[in-house]
Amino acid sequence: MVTDLTNAVTALQQDQNAIWAAKNKSIQAISTATTAKYEVGDDGSVRPSKDAESAAISSIEDPGKQTAAISALWKHGRDTLEPPIKSALAELGTAVETATGHIRKAFENSPDVAAIAAEAPGKLDPSKQLTAEQGIADGETIADGKLSEDEKQRILENLRKTNLTPEQLEAIRNGQEVTVPASTMAYLENLYGKAGFNGLTELSNTLKSDSSPDSQALRRELATGMLTLSNEQVTSRNPDGSVNSRGGFTKLDPKVQFMTGTRFAGPDANTEDYPDGYRDNFNDSPEVAHGKYFQDMTSFSDFLGAANPDYQPGDRFGVELGRQAAHQAWIDDHGTGIYGDTGRKGAELPWVQQSGSAATQFLDVSSRNQEASHALLTGIGSDELFGKGTPGQSWHPYSASDTVGALMTHEWNDDGRALSSMVSWAGDQAYDPDPAKAERAGQAAHSLADIMSTTKSNDGTNIYQSLLDMPGQDRKSFGEVNPLAAQGIAATLAPYTADMVGAPASLTGTRGFTSDLGPADVTRVFSALDGDPTASATINGAALARAEQIDRYFANAAVLPSDSEPLELGTYSGRLRGTVDAGLNAYVADLNLNETDRTKEISDQRSAAYGVVQNLIGLSGAAGPVGAVGGPMAQALIEIPKNPLTSVDPEYGGRLPGSSVDGTEYDLNRSGTVGDRRYNLFSQLIATGQINPYALSDELQQTVFSTSDDGSRHLKPYIAATPDDASADVLERYLPDILDSYGISREDQTDYLNNGDKGRDSFTPVISNGTIDAQHELKRLFTDELEQQGYNTWPR
Numbered sequence: 001m002v003t004d005l006t007n008a009v010t011a012l013q014q015d016q017n018a019i020w021a022a023k024n025k026s027i028q029a030i031s032t033a034t035t036a037k038y039e040v041g042d043d044g045s046v047r048p049s050k051d052a053e054s055a056a057i058s059s060i061e062d063p064g065k066q067t068a069a070i071s072a073l074w075k076h077g078r079d080t081l082e083p084p085i086k087s088a089l090a091e092l093g094t095a096v097e098t099a100t101g102h103i104r105k106a107f108e109n110s111p112d113v114a115a116i117a118a119e120a121p122g123k124l125d126p127s128k129q130l131t132a133e134q135g136i137a138d139g140e141t142i143a144d145g146k147l148s149e150d151e152k153q154r155i156l157e158n159l160r161k162t163n164l165t166p167e168q169l170e171a172i173r174n175g176q177e178v179t180v181p182a183s184t185m186a187y188l189e190n191l192y193g194k195a196g197f198n199g200l201t202e203l204s205n206t207l208k209s210d211s212s213p214d215s216q217a218l219r220r221e222l223a224t225g226m227l228t229l230s231n232e233q234v235t236s237r238n239p240d241g242s243v244n245s246r247g248g249f250t251k252l253d254p255k256v257q258f259m260t261g262t263r264f265a266g267p268d269a270n271t272e273d274y275p276d277g278y279r280d281n282f283n284d285s286p287e288v289a290h291g292k293y294f295q296d297m298t299s300f301s302d303f304l305g306a307a308n309p310d311y312q313p314g315d316r317f318g319v320e321l322g323r324q325a326a327h328q329a330w331i332d333d334h335g336t337g338i339y340g341d342t343g344r345k346g347a348e349l350p351w352v353q354q355s356g357s358a359a360t361q362f363l364d365v366s367s368r369n370q371e372a373s374h375a376l377l378t379g380i381g382s383d384e385l386f387g388k389g390t391p392g393q394s395w396h397p398y399s400a401s402d403t404v405g406a407l408m409t410h411e412w413n414d415d416g417r418a419l420s421s422m423v424s425w426a427g428d429q430a431y432d433p434d435p436a437k438a439e440r441a442g443q444a445a446h447s448l449a450d451i452m453s454t455t456k457s458n459d460g461t462n463i464y465q466s467l468l469d470m471p472g473q474d475r476k477s478f479g480e481v482n483p484l485a486a487q488g489i490a491a492t493l494a495p496y497t498a499d500m501v502g503a504p505a506s507l508t509g510t511r512g513f514t515s516d517l518g519p520a521d522v523t524r525v526f527s528a529l530d531g532d533p534t535a536s537a538t539i540n541g542a543a544l545a546r547a548e549q550i551d552r553y554f555a556n557a558a559v560l561p562s563d564s565e566p567l568e569l570g571t572y573s574g575r576l577r578g579t580v581d582a583g584l585n586a587y588v589a590d591l592n593l594n595e596t597d598r599t600k601e602i603s604d605q606r607s608a609a610y611g612v613v614q615n616l617i618g619l620s621g622a623a624g625p626v627g628a629v630g631g632p633m634a635q636a637l638i639e640i641p642k643n644p645l646t647s648v649d650p651e652y653g654g655r656l657p658g659s660s661v662d663g664t665e666y667d668l669n670r671s672g673t674v675g676d677r678r679y680n681l682f683s684q685l686i687a688t689g690q691i692n693p694y695a696l697s698d699e700l701q702q703t704v705f706s707t708s709d710d711g712s713r714h715l716k717p718y719i720a721a722t723p724d725d726a727s728a729d730v731l732e733r734y735l736p737d738i739l740d741s742y743g744i745s746r747e748d749q750t751d752y753l754n755n756g757d758k759g760r761d762s763f764t765p766v767i768s769n770g771t772i773d774a775q776h777e778l779k780r781l782f783t784d785e786l787e788q789q790g791y792n793t794w795p796r
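For the record, in the sequence shown the residue sitting at position 81 is 81 according to the UniProt record's numbering, with numbers rising by one throughout.
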């Protein structure tokens, strides 16, 4: 508290002058008006007093001239006296709000002071304070559905007073609670309670059709306010700092809760029929009643989508929206299963057509809340978070594979952008300095990979096979149908490639990613992402870059005095390279290509991945010691989605694009060989100064170094140094002895490289390189046969 007080005093000293200057300016401007016999309203408006009007016409007998005098009096007040008053009051309000923000920041860990700070603006300026009665009036006006322009403006101005500050929004994103005036919470709760689901959606549709800026602004503020009210991190407090009200799902209108939380179709269903009011009844046929449900859900999702993107729903609301997105997606793909409806891909009943649009909007809003996304991906959370105890709905334990599986096997009308947003934060936070955030991110990434590799989800869906051959998409893969989702998932998993092959956290530097995936699992994940060129280059490039980095870690450790060398690192390096090959073999096997086209497809994808590797290694520089996994490489992996590092040339058949390495094309068949991996060890010792390059023979120097226009020398990548067999032979003659002389014995070189081969061979039983054999073995990846035969565990 002493520190808080010190910070507060410093902040207030800085704000004091601004407040007093604005206050004095306000007093002077008001005094000028009152001296002239004008009345000043609470909002700074000015009007002549009765005495002023009487004095102005006391000596005038002509009625026309009396009217003119009164008009002049009003004009003088409006044009001369009122502007400086309003300007000064605005300055005072800004100064007070600034000081309030400083106090709130200083006392962010002192709820009682935060409560006082939240109430301060309304106490100092009653025009800024909302009331529960205003919320009731505004809500009833919305429910009535006949808003005048003045009523629209009134509600818009009131809602703007409920907006959170940028600092509060940032605090919510960081998982902290924020405090708002009790009057704000009361206003929002009464507004949405009285407006109701129908009133809001109908008004939203009306406002959307009106292109005026004020109508669009009102629609945005109404949706934003609902997100604020739904958020458990938004509180109001008593003077002693205790919470007297908290936002949350149950604060929303009962029909909003019911419509969002009711799922009557698919594996995550919690009822058996349409919600009450949308079934067949005496007035409507089933088609009309059901059509009204989908119209209302589309309108509601569209309304929520209009909210300020800086605002997020509460945790429970976010979870319900995510599950509802999966529900609507499932209906779009399969129909409701009620009254013979088999969905868009079946009977194509007209009322189902809108569910795809609703699914996109619901998922987009849900994905703003990372806690909700984490819960949806992992299933981690209380039973109450997943809806237990909701009246009128059955409850079952939440299944992440059912919900996320429905999201991933759906064709999204935004190419998967919202689905990408649901997962991308886990990649961004892979190396977060906050252990809790990094742990949460790793859990989400692991669950995502686990779901993608599932051949039989809770409801029996073969998710992996569906990702390779998306249902109803003419054998197109997930990456082809939802490219943005594939790219987002690849970037999310990029920091975790070493975790996926069982490397320990002491090597990977991540948290929360359980090392329980096997060779078959990771083959499925990688092959599912290979359908989009950018996603493929990202995930494969990240894996190969990690493999090279591990080789370099070993080189660092091997030259240092030690009782034992970390030879086991070679196993993880080999597994990473094997994962890339196995994934590509499985993906290409599913394409049913002939041998020539198959070879070209794999070579093209490896070319793109190798371009990513060179960029990542170039960005991150030399590897540090074992365990030093943060820093440049970690940052480079996270930056992949923000700065695409390569592109695929579809006309380029198995040769590296000339711009990637020294302006020449090189054969990729040498990538990942024993010579390539030994060269990585050599490169690391050059980069760290362990080897003096000028002490090397002229023949070797000419082979491994290139000279730029400015005369500087650069070590070539391996495939650039070995454009032919003769160059490869030069390295084979020199490098083993050089490495031995600088501390990496021939025996350690052999053991390390052999471990790499064994790691790579872990995938031999999973998928082969040959066209016919691979197409046959792919069928085993579609089942649990590999698991049953023990081939989905890493050899020891």
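A virtual CB, placed ideally from N, CA and C, is assigned to each residue, including glycine. The structure displayed is predicted, hence computed values, not measured ones.
The beta carbon of residue 792 lies closer than 7 Å to those of 518, 519, 520, 521 and 786 in the same chain, with the five residues before and after it left out. Each of 161, 196, 231 and 193 was checked against the Cα of residue 177, and the nearest Cα belongs to 231.
Take the alpha-carbon of residue 56 and the one of residue 147: they are about 40 Å apart.
Classified as exposed, residue 714 has fewer than 16 neighbouring CB atoms from the shown chains inside 10 Å of its CB.
Residue 767 and residue 475 have their C-alpha atoms roughly 20 Å apart.
In this structure, the CA atom of residue 255 is about 7 Å from the CA atom of residue 196.
One Cα belongs to residue 566, the other to residue 580, and the distance between them is close to 23 Å.
Note on residue 92: 16 or more other CB atoms within 10 angstroms of its CB, so buried under the neighbour-count rule. In the structure shown, residue 256 adopts helical secondary structure according to DSSP, grouped into three states.
A straight-line Cα-Cα distance of about 20 Å links residue 779 and residue 761. Here the alpha carbon of residue 297 sits roughly 46 Å from the alpha carbon of residue 546.
If you look at residue 522, you'll find it in the alpha helix (DSSP H) that goes 519-529. Bridge partners of residue 39 according to DSSP: 47. Here residue 278 is buried: its Cβ has 16 or more other Cβ atoms, across all protein chains shown, within 10 Å. Rounded to the nearest whole angstrom, the CA to CA distance from residue 163 to residue 95 is 18 Å.
Per the DSSP secondary-structure output, residue 245 pairs in a beta bridge with 236. Rounded to whole angstroms, the separation of the alpha carbons of residue 447 and residue 461 is 17 Å. Under the three-state reduction of DSSP, residue 705 is assigned to strand.
Annotated three-state conformation of residue 796 is coil, per DSSP. For the set 358, 686 and 711, the Cα lying nearest the Cα of residue 704 is the one of 686. Here residue 513 has 442, 445, 446, 496 and 499 as same chain residues with Cβ atoms under 7 Å from its own Cβ, once five neighbours each way along the sequence are excluded. The bridge partners DSSP lists for residue 715 are 705.
The criterion of a C-beta distance shorter than 8 Å is not satisfied by residue 189 and residue 261. The beta carbon of residue 550 sits closer than 6 Å to those of 569, 572 and 573, all from its chain and outside the five residues before and after it, given in chain order. Under the DSSP assignment, residue 675 falls in the alpha helix (DSSP H) whose first and last residues are 674-687. The DSSP-derived three-state label of residue 179 is strand.
In this structure, 184 is the residue among 355, 47 and 184 with its C-alpha nearest to the C-alpha of residue 236. CA-CA distance, residue 769 to residue 680, rounds to 25 Å. Counting C-beta atoms within 10 angstroms of its own C-beta, residue 77 has 16 or more neighbours from the protein chains shown and is therefore classed as buried. Taking 8 Å as the cut-off, the Cβ atoms of residue 605 and residue 530 count as close. Straight-line measurement puts the Cα of residue 745 at about 56 Å from the Cα of residue 322. Counted as a single uninterrupted DSSP element, the stretch harbouring residue 455 is not any alpha helix (DSSP H), since DSSP gives it neither H nor E. Taking all protein chains shown into account, residue 160 has fewer than 16 neighbouring C-beta atoms within 10 Å of its C-beta and is therefore exposed. For a cut-off of 8 Å, the C-beta gap from residue 408 to residue 463 is around 7 Å, short enough to register as a contact.
Contact between residue 494 and residue 538 holds, since their C-beta atoms are separated by about 6 Å, short of 8 Å.
In this structure, the straight-line span from the alpha carbon of residue 399 to that of residue 186 is close to 36 Å.
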